[in-house]
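Heads up: the sequence shown is residues 80 to 258, going by my numbering. From the three backbone atoms N, C-alpha and C, an ideal C-beta is built for every residue, glycine too.
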Amino acid sequence: PKGNPPSPDWAKELVDDNISVVLVGLPHVQRVLDDNEQLAERALRPVRMLPYKWIDPDQRAHYCEMVTAFVGRFQEQGWPIEIDADETVRASYLCTGGLVGRLARLMFHAEELGTAKRGLTMDLLARAFDLKFEPEWGNPFRMHDWPDALLMKAYSDTIKKGEAPTYQEGRSRNRRSQA
């Protein structure tokens with residue numbers, strides 16, 4: 080098997096002991112089953128849970144709701160909210176490629192950084208990005224324009240590579256940060 084050989088064997092042992100196992104990840108995680116026939120035989124049909132797709136209006140609305148929920152959490156804790164909703168959604172989508180876990184990580188790091196000032200701003204989100212998400216390739220929270228084509232490319236790159244891309248204003252880079 081490719082990758083980390085102990086993982087499929089460990090999962091097989093759990094399944095054999097009647098313990099439910101859920102493998103979660105981007106489509107490339109399917110390789111765990113593809114590379115191990117015995118584990119694949121023990122598995123049910125995969126359920127694909129993809130990142131939110133920017134071009135789909137319903138999925139975009141759901142992604143907006145996710146961002147709004149995180150912002151609401153800051154507000155409930157008494158943080159002044161000093162961000163534009165649309166700009167925040169677009170910048171965060173470019174940062175995450177539609178991945179919920181990456182959005183959560185960004186917001187948690189912003190909360191850690193901002194405890195002294197306690198105001199949610201684009202600058203705070205930019206600093207959280209710089210600290211945790213390879214800022215040398217550009218920072219979506221310091222950009223001033225997030226065209227739909229760029230956001231759709233972020234989704235496409237996430238699906239193709241299983242990674243969330245980071246961008247420098249107007250240009251994609253070959254290097255990617257892990258999702």
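Quick one: is R169 buried, meaning 16 or more other Cβ sit within 10 Å of its Cβ, or exposed? Translated into positions along the sequence shown, residue 169 becomes position 90. Sixteen is the threshold: when 16 or more other Cβ atoms of the shown chains lie within 10 Å of the Cβ of R169, as they do, the residue is buried.
Is it buried or exposed, T194, if we count other Cβ atoms within 10 angstroms and call 16 or more buried? Position 115 of the sequence shown, counted from the first residue, corresponds to residue 194. So T194 counts as exposed.
How big is the Cα-Cα spacing for G157 and G180? As a working mapping, residue 157 is identified with position 78 in the sequence shown. As a working mapping, residue 180 is identified with position 101 in the sequence shown. Distance between the alpha carbons of G157 and G180 is about 24 angstroms.
Could you check where the alpha helix (DSSP H) with P136 kicks off and where it finishes? Sequence index remark: in the sequence shown, residue 136 carries index 57 (1-based). Residues P136 to E155.
Return helix, strand or coil for I98, following the three-state DSSP convention. Position 19 of the sequence shown, counting from 1, holds the residue named residue 98. It is coil, neither helix nor strand.
For I162, name the three-state secondary structure that DSSP assigns. Numbered from its first residue, the sequence shown carries residue 162 at position 83. Coil.
Can you tell me which of the three DSSP states T200 falls into? For the purposes of this step, residue 200 is taken as residue 121 along the sequence shown, with counting starting at 1. Strand at T200.
Is the CB-CB distance between M186 and A207 below 9 angstroms? For the purposes of this step, residue 186 is identified with residue 107 of the sequence shown, where counting begins at 1. For the purposes of this step, residue 207 is identified with residue 128 of the sequence shown, where counting begins at 1. Yes. Within cutoff.
Apply the 10 Å Cβ neighbour rule to G217 and answer buried if 16 or more other Cβ atoms are within range, or exposed otherwise. If you number the sequence shown from 1, residue 217 lands on position 138. By the 10 Å Cβ count, G217 comes out buried.
My understanding is that A189 touches L173, with C-beta atoms under 8 angstroms, so please give their C-beta distance in whole angstroms. As a first step, residue 189 must be located in the sequence shown, where it is residue number 110. As a first step, residue 173 must be located in the sequence shown, where it is residue number 94. The Cβ separation is near 16 angstroms, so there is no contact.
Coarse secondary structure for T175, derived from DSSP in three states: Indexing the sequence shown from 1 puts residue 175 at position 96. DSSP, read as helix, strand or coil, puts T175 in helix.
Residue closest to F212, alpha-carbon to alpha-carbon, out of P226, K232 and T175: As a working mapping, residue 212 is identified with position 133 in the sequence shown. Ranking the options by Cα distance to F212, first place goes to T175.
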